[in-house]
Amino acid sequence: MATQQTQPQPVIFSYCATFLPREMLHVYRQVTGVRRFENWVLTRTRANAESFPYPRLLVLRKHPLRALRRVWYRAQGRAVPLGGGEVRQALRWAAERQARLLHIYLGSEALRALPLLRAFPGARIVSFHGADLSHEFTPADYARLWPQAELFLCRSESLRRDLLAKGCPADRIRLNYTGVPVPEDVPQRNAPAGRPVRLLQVCRLIEKKGLDVTLHATRRLRDAGVPVRLVLAGAGPAEAALRALVAELGLTKEVHFAGFVTGDALRALYRESDLFLHPSRETSRGDREGIPNSVLEAMAHALPVISTRHSGIPEAITHGVDGLLLEAADPDGLVTNVRSLLATPADYTRISQAARETVIRRFSSACCLDQLERAYGEALCLRSG
1073 MATQQTQPQP VIFSYCATFL PREMLHVYRQ VTGVRRFENW VLTRTRANAE SFPYPRLLVL
1133 RKHPLRALRR VWYRAQGRAV PLGGGEVRQA LRWAAERQAR LLHIYLGSEA LRALPLLRAF
1193 PGARIVSFHG ADLSHEFTPA DYARLWPQAE LFLCRSESLR RDLLAKGCPA DRIRLNYTGV
1253 PVPEDVPQRN APAGRPVRLL QVCRLIEKKG LDVTLHATRR LRDAGVPVRL VLAGAGPAEA
1313 ALRALVAELG LTKEVHFAGF VTGDALRALY RESDLFLHPS RETSRGDREG IPNSVLEAMA
1373 HALPVISTRH SGIPEAITHG VDGLLLEAAD PDGLVTNVRS LLATPADYTR ISQAARETVI
1433 RRFSSACCLD QLERAYGEAL CLRSG
């Protein structure tokens, strides 16, 4: 009886300029979650290896004059693009492994890797996540990118509209939400009573997360007689300014900076909090969200979320159904929504349960990885004609 031979999985290369910043857990989940392809990571810089281990990793050798190139490009406010030697090395590795598809994470990095995209012989995909549609690049830059990939992935319908506005062909855009794991056995939540309200925001400490709005709202809640405690979990360049604002607002007893939190400690924060706040906004440089993963994680834990009508967030939250939404930069609106939810315990419980159901139905890791693998298969078909 003949032994049935297993067909080898198609080989793909996932390019991340740095593998991997701590705040890019969603990319790690995608890279490690792919099942129908043999996924190799191609990178220029290895970072946080203890948090993001990965066996199939290829680190490009740095150009001998890269330090000088970095000085020159940074003087122009730009990141260093891939050099010719890096491109040749990547192509050699791809040929040795018979890689059939190249997936570049972040549109901004794709623009810096245009020579690799042009020379790669297989299918090509570029994924946009939000911040990579900033004002650093011109319409002419994007016009050079669009012919160089079979498909462009985006994390939200809002980003799809942004890509269309920059000239991306509509028939080559595919939606690919970045999903989150859904914890099991999450108990029913009830509105807090007889103790301070535990507020939580989990994010990188940067402008677009609206952390100053969260702090001003916390002060106004306290002044209105609502006892509150706020945990800010994350790290980032705005931390010093935020700590100064906490002192200025007299919130040192109410606000705790938890630093970067992950794993069981993060799950405990979701479990022990009463409300999740995330008043995102677009920055002056055009930096915006896709759909924040921490919002989806909070919803998966049945933690009621109050956020803003910004970018892709309304695609995950329907106001009054599975969360609450307000306009950006509106601390009074944030206060109103917090007090409204606390005053109606039935709505609090209903919204918390609906939030979890939304993630299970549309934003689970399994669902979104299936979207990604279907896009890989489609790109391979398009390339083969």
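Our numbering puts the first residue of the sequence shown at 1073, with every later residue one more than the last.
From the three backbone atoms N, C-alpha and C, an ideal C-beta is built for every residue, glycine too.
I need the boundaries of the beta strand (DSSP E) containing residue i, first residue and last residue.
i	result
R1446	Counting along the chain, R1446 falls outside any beta strand (DSSP E), though it belongs to the alpha helix (DSSP H) covering 1437 to 1456.
T1380	1377 to 1380
L1347	1347 to 1350
L1396	1396 to 1398
Please say whether residue j and residue i have beta carbons closer to each other than 8 Å?
i	j	result
E1311	L1277	yes
S1180	F1209	yes
A1195	L1454	yes
V1198	A1182	yes
L1452	L1223	no
V1367	I1378	no
S1352	G1282	yes
A1221	L1188	no
V1131	T1115	yes
R1301	P1268	yes
A1400	F1435	no
H1175	S1230	no
V1113	A1171	no
L1225	A1447	yes
P1376	S1412	no
E1361	G1202	yes
P1403	R1292	yes
In the DSSP assignment, the alpha helix (DSSP H) including residue i goes from what residue to what residue?
i	result
L1368	1365 to 1372
V1159	1156 to 1169
S1383	Taken as a continuous stretch (DSSP letters only), S1383 belongs to no alpha helix (DSSP H), as it is neither H nor E.
I1423	1417 to 1430
R1246	It is not in any alpha helix (DSSP H) - R1246 instead sits in the beta strand (DSSP E) that spans 1245 to 1247.
L1186	1186 to 1191
State the CB to CB distance for the pair residue i and residue j, rounded to an integer number of angstroms; the pair is presumed to be in contact (CB under 8 Å).
i	j	result
S1206	D1359	5 Å
E1354	H1382	7 Å
L1347	V1410	6 Å
P1417	A1215	Contact flag wrong, Cβ pair sits at about 54 Å.
Regarding residue i and the ligand MG, is the C-beta to nearest heavy atom distance less than 7 Å?
i	result
G1156	Judged by which ligands are present, the structure shown has none, so any question about the ligand MG falls away.
Self-check item: Cβ contact (3+ pairs, closer than 8 Å) linking the stretch 1430 to 1441 and the stretch 1234 to 1254
Solution: Judged by pairs of C-beta atoms under 8 Å, the stretch 1430 to 1441 touches the stretch 1234 to 1254, as three or more such pairs exist.
Exercise. Scan the stretch 1193 to 1229 and note each continuous beta strand (DSSP E) run of 3 residues or more that stays entirely inside, going in chain order.
Key: Segments of the beta strand (DSSP E) lying fully in the stretch 1193 to 1229: 1195 to 1200, 1223 to 1226.
Exercise. Examine the Cβ distances between the stretch 1327 to 1344 and the stretch 1395 to 1409 and report whether three or more of them are shorter than 8 Å.
Key: no
Exercise. Take every Cβ of the stretch 1367 to 1377, pair it with every Cβ of the stretch 1296 to 1315, and state whether three or more of those distances are shorter than 8 Å.
Key: no
Quiz item: Counting Cβ pairs, one atom from each stretch, are 3 or more of them under 8 Å apart for the stretch 1278 to 1289 and the stretch 1255 to 1264?
Solution: no
Practice problem: May I have a chain-ordered list of the beta strand (DSSP E) segments no shorter than 3 residues that lie completely inside the stretch 1256 to 1340? | Solution: 1269 to 1274, 1300 to 1305, 1327 to 1331
Quiz item: Contact between the stretch 1311 to 1324 and the stretch 1341 to 1358: three or more CB pairs below 8 Å?
Solution: no
Quiz item: Using 8 Å as the threshold, is the stretch 1092 to 1103 in touch with the stretch 1113 to 1132, meaning 3 or more CB pairs across them?
Solution: yes
Quiz item: Below 8 Å, can you find three or more Cβ-Cβ pairs linking the stretch 1268 to 1277 to the stretch 1236 to 1243?
Solution: As far as the Cβ criterion goes, the stretch 1268 to 1277 does not touch the stretch 1236 to 1243, which means the pair count is below three.
Practice problem: Taking only runs that begin and end inside the stretch 1078 to 1137, name each unbroken beta strand (DSSP E) of 3 or more residues, in chain order. | Solution: Taken in chain order, the whole beta strand (DSSP E) runs of length 3 or more contained in the stretch 1078 to 1137 are 1083 to 1087, 1110 to 1115, 1129 to 1131.
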